[in-house]
Amino acid sequence: MSSYSCGSGQYSLFQGTSTLGCRSQTNFCGTFSKCLQVTDKFEPYDYGCCREDYLYSSASNIIVYILIIPIIGIGSLGALGGGVVKRPFLEAILNFNSGPSGNITACLMFGAQLVNQIIITFQKHPYHPQRPVVNYEVGMIYALAIPLSMQFGEELASYMPLLPVLTLQMMFFIVILPICLLYAKRQEVVEQEQDEDYTDSHISMTTAFKGSIQDEAQAALIYKQFLNESHQILPLIPILITFGSFAVNEAVILSRTTLYQISPYYQQNVNNPNPKLDPCNQWNLYMMILLFAVNIIITGLTLLYYRSKEQLKDSVRYKLKERYFTPTRRFFKIYGAGCATGFIAGFLGMAAGLTMFVTMVQFGLVAASAGATANFGYFIVCLQVFVSFMVSDSGMPIGDQFFFYGIGILGVLIFTNLGYYYISKYKIGHILFYIDFAIVVLNIAGNIAWGIEQEDRQGFFSIVSISNTCGG
Numbered sequence: 002m003s004s005y006s007c008g009s010g011q012y013s014l015f016q017g018t019s020t021l022g023c024r025s026q027t028n029f030c031g032t033f034s035k036c037l038q039v040t041d042k043f044e045p046y047d048y049g050c051c052r053e054d055y056l057y058s059s060a061s062n063i064i065v066y067i068l069i070i071p072i073i074g075i076g077s078l079g080a081l082g083g084g085v086v087k088r089p090f091l092e093a094i095l096n097f098n099s100g101p102s103g104n105i106t107a108c109l110m111f112g113a114q115l116v117n118q119i120i121i122t123f124q125k126h127p128y129h130p131q132r133p134v135v136n137y138e139v140g141m142i143y144a145l146a147i148p149l150s151m152q153f154g155e156e157l158a159s160y161m162p163l164l165p166v167l168t169l170q171m172m173f174f175i176v177i178l179p180i181c182l183l184y185a186k187r188q189e190v191v192e193q194e195q196d197e198d199y200t201d202s203h204i205s206m207t208t209a210f211k212g213s214i215q216d217e218a219q220a221a222l223i224y225k226q227f228l229n230e231s232h233q234i235l236p237l238i239p240i241l242i243t244f245g246s247f248a249v250n251e252a253v254i255l256s257r258t259t260l261y262q263i264s265p266y267y268q269q270n271v272n273n274p275n276p277k278l279d280p281c282n283q284w285n286l287y288m289m290i291l292l293f294a295v296n297i298i299i300t301g302l303t304l305l306y307y308r309s310k311e312q313l314k315d316s317v318r319y320k321l322k323e324r325y326f327t328p329t330r331r332f333f334k335i336y337g338a339g340c341a342t343g344f345i346a347g348f349l350g351m352a353a354g355l356t357m358f359v360t361m362v363q364f365g366l367v368a369a370s371a372g373a374t375a376n377f378g379y380f381i382v383c384l385q386v387f388v389s390f391m392v393s394d395s396g397m398p399i400g401d402q403f404f405f406y407g408i409g410i411l412g413v414l415i416f417t418n419l420g421y422y423y424i425s426k427y428k429i430g431h432i433l434f435y436i437d438f439a440i441v442v443l444n445i446a447g448n449i450a451w452g453i454e455q456e457d458r459q460g461f462f463s464i465v466s467i468s469n470t471c472g473g
């Protein structure tokens, strides 16, 4: 890959190879940018769009970065991360191209969600004070499905023109808006009912037990073991499965060189290119098949383990309404929602957390628990984006990276932390749907503005042409 650089002191950020040839149009580069001569290690010079650097001290950069802090913090309550500011602020207002804005987003997402995970780990369920607010079993099922489906979504998006992707994003946003309002009303009713008459009661141990367990003392011991497990702040098995599965998946994913990433396992030699570095090489298909097989094995073993565990729970009549692996169709409904989440994250580049939040409520989690569990699943999306960012040749200075980590962390420490406090105190988890509604409206406006800017600067052909292809 060529690595162009801008020589100007003020306009030092090269906006991507797609902008080469900018001298043919007056407004091609947009605001905060200039069409300048750029250099490359293989070519003497060319012309491209150079923007003011990430941390250039302009009034626009300062104001927008300050605005991002509360938006990231508030959005993190509803499992919406750095993607919520990418289109309306970074691209539509500050005129960052997809590459630089993706770099900023990756840093914002990782910084915000890393601290968010620490905070929600110690949050308690609003109606089960002894239990964590995160439902780790549900979050684990989503996390099992995300890496593979996200890879499929990214693969498809890399071959599609900008206009269809923007159109599908808008359709998704328009459909999700009334759902947010509907679920907000429903959850408000649920919270009122729960608050009026709720006790974390359990079925009396004098109830007759079924199955192979005949001894009530033994049954009581098993029941108490399950109860203790449900009260653990960090349940070991689902967390190990979640992050172990991610690590195995990511190891296979990074072995692929596609139209949007280069594998870090193989060094590119300009004089003798490794054929595995070719995005159109059949090696990538083999790795996708391996990725699919790995997911089948991990998911199958997890399903078998938890099915046997839930059958034991049935035998001692432990929390009969909390079953996510039996019957099997219930597991696959949740797993299917995880697949939809990953695909939306990869294809649309946003709204993964929102998809999880809405579907988790549908599976019976109250809004506060659904929001926290969605954040747990969304952390896997952030990790996958962050790993891709770290192994890529982003060209983003380390100091700039830590600046955006800091913005994300600051937003969560101030606004997310405060939000969790009030949601827990007043049991108003339904407000998360209104927050997501407002942020979706913001992104709709950003999509429209950015699409108009792209068409105005680069012409209609730029948003309907396919830039990447393996065709002959």
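The sequence shown: position 372 = 373 (the working numbering), numbered continuously.
Even glycine gets a Cβ: it sits at the ideal position worked out from N, Cα and C.
Mind the definition here: the segment 87-100 touches the segment 441-450 only if three or more C-beta pairs lie below 8 Å; say whether that holds. yes
Taking a contact to mean a Cβ-Cβ separation below 8 Å, would you say glutamine 114 touches tyrosine 422 in this structure? Position 113 of the sequence shown, counting from 1, holds the residue named residue 114. Position 421 of the sequence shown, counting from 1, holds the residue named residue 422. No, the Cβ-Cβ distance between glutamine 114 and tyrosine 422 is not below 8 Å.
Is the beta carbon of serine 159 closer than 8 Å to that of tyrosine 261? Along the sequence shown, read from residue 1 onward, the residue named residue 261 stands at position 260. Along the sequence shown, read from residue 1 onward, the residue named residue 159 stands at position 158. In this structure, serine 159 lies closer than 8 Å to tyrosine 261 by Cβ.
Open item on the list: Spatial neighbours of methionine 265 within its chain, please: C-beta separation below 8 Å, excluding the five flanking residues on both sides.
Closed with: The count along the sequence shown starts at 1 and reaches residue 265 at position 264. First, the residue type needs correcting, since residue 265 is proline and not methionine in the sequence shown. Hits under 8 Å: Leu255, Val392.
Proximity of alanine 346 and methionine 361 at Cβ, strictly below 8 Å
By one-based count along the sequence shown, residue 346 stands at place 345. By one-based count along the sequence shown, residue 361 stands at place 360. At a Cβ-Cβ threshold of 8 Å, alanine 346 and methionine 361 do not count as neighbours.
What's the gap between the Cα of arginine 132 and the Cα of isoleucine 177?
In the sequence shown, residue 132 corresponds to position 131, counting from 1. In the sequence shown, residue 177 corresponds to position 176, counting from 1. Each residue's Cα considered, the two are about 30 Å apart.
| query | Buried or exposed: where does isoleucine 297 fall if 16 or more other Cβ atoms within 10 Å of its Cβ makes it buried? | reply | Translated into the one-based positions of the sequence shown, residue 297 becomes position 296. That one is exposed.
Residues in its own chain within less than 7 Å of histidine 232 by CB, not counting five upstream and five downstream? In the sequence shown, the residue the question calls residue 232 occupies position 231. Only Gln131, Arg132 meet the Cβ criterion.
Inset, instruction - With DSSP as the reference, label asparagine 117 as helix, strand or coil. - result: Position 116 of the sequence shown, counted from the start, is the residue given in the question as residue 117. It is helical.
Legend entry - Element boundaries [beta strand (DSSP E), containing leucine 37]: Your numbering for residue 37 matches position 36 in the sequence shown. Looking at the DSSP string, the run of the beta strand (DSSP E) that includes leucine 37 is 34-40.
Which class does leucine 304 belong to by DSSP, given the choice of helix, strand or coil?
Here residue 304 corresponds to residue number 303 of the sequence shown, with the count starting at 1. Looking at leucine 304 - three-state DSSP - the assignment turns out to be helix.
Query raised in the report: What are the boundary residues of the alpha helix (DSSP H) that includes tyrosine 267?
Result: To locate residue 267, count along the sequence shown from 1; it is residue 266. Element bounds for tyrosine 267: n/a, residue is neither H nor E.
Original post:
So is glycine 74 buried or exposed if we call it buried at 16+ other beta carbons inside 10 Å?
Top reply: The count along the sequence shown starts at 1 and reaches residue 74 at position 73. Burial call: buried.
* Are the Cβ atoms of cysteine 30 and tyrosine 48 separated by less than 8 Å? -> Position 29 of the sequence shown, counting from 1, holds the residue named residue 30. Position 47 of the sequence shown, counting from 1, holds the residue named residue 48. No.
- Query: By the 10 Å Cβ neighbour count, where 16 or more other Cβ atoms means buried, how is phenylalanine 247 classified, buried or exposed?
  - Reply: Counted from its first residue, the sequence shown places residue 247 at position 246. Buried is the call here.
*DSSP beta-bridge partners of serine 59*: Counting from 1 along the sequence shown, the entry for residue 59 is found at position 58. Paired residue(s): none; serine 59 is not in a bridge.
By the three-class DSSP mapping on this structure, what secondary structure does serine 393 have? Counted from its first residue, the sequence shown places residue 393 at position 392. If DSSP states are grouped into helix, strand and coil, serine 393 belongs with coil.
key: Proximity of glycine 79 and threonine 106 at Cβ, strictly below 8 Å   = Here the question's residue 79 lines up with position 78 in the sequence shown. Here the question's residue 106 lines up with position 105 in the sequence shown. Going by C-beta atoms, glycine 79 is not nearer than 8 Å to threonine 106.
(request) State the CB to CB distance for the pair aspartate 41 and tyrosine 5, rounded to an integer number of angstroms; the pair is presumed to be in contact (CB under 8 Å). (result) As a working note, residue 41 is residue 40 in the sequence shown. As a working note, residue 5 is residue 4 in the sequence shown. Aspartate 41 to tyrosine 5, Cβ: 5 Å. Contact.
field: At least three beta-carbon pairs within less than 8 Å, the segment 328-339 to the segment 55-62
entry: no
Exercise for review: Below 6 Å CB to CB, which residues in the same chain sit around isoleucine 223 once its five sequence neighbours on both sides are set aside?
Suggested key: On the sequence shown, position 222 is the one that residue 223 refers to. Taken in chain order, the residues that qualify are Val317.
- Message: Is the beta carbon of phenylalanine 123 closer than 8 Å to that of isoleucine 234?
- Response: As a working note, residue 234 is residue 233 in the sequence shown. As a working note, residue 123 is residue 122 in the sequence shown. In contact: isoleucine 234 and phenylalanine 123 (Cβ atoms closer than 8 Å).
Practice prompt. With distances taken Cα to Cα, identify the nearest neighbour of glutamine 363 among Leu163, Ile67, Gln188.
Written response: Against the sequence shown, residue 363 aligns to sequence position 362. Nearest C-alpha to glutamine 363: Gln188.
Review point. Would aspartate 457 be called buried (16 or more neighbouring beta carbons within 10 Å of its own) or exposed?
Key: Taking the sequence shown and counting its residues from 1, the one referred to as residue 457 is at position 456. Exposed, because fewer than 16 other Cβ atoms sit within 10 Å of the Cβ of aspartate 457.
For tryptophan 451 and serine 25, the rounded distance between their alpha carbons: For this step, residue 25 is matched to residue 24 along the sequence shown. For this step, residue 451 is matched to residue 450 along the sequence shown. Going by C-alpha positions, serine 25 is about 21 Å away from tryptophan 451.
For valine 324, does the three-state DSSP call read helix, strand or coil?
Indexing the sequence shown from 1 puts residue 324 at position 323. The amino acid at residue 324 is misidentified as valine; the sequence shows arginine. Correct three-state label for arginine 324: coil.
Check your understanding: In whole angstroms, what separates the C-alpha of isoleucine 464 from that of isoleucine 238?
Key -> Sequence index remark: in the sequence shown, residue 464 carries index 463 (1-based). Sequence index remark: in the sequence shown, residue 238 carries index 237 (1-based). Approximately 46 Å, taken between the alpha carbons.
Inter-residue spacing [alpha-carbon to alpha-carbon] between serine 58 and phenylalanine 97
Position 57 of the sequence shown, counted from the first residue, corresponds to residue 58. Position 96 of the sequence shown, counted from the first residue, corresponds to residue 97. If I take the Cα positions, the gap works out to 15 Å.
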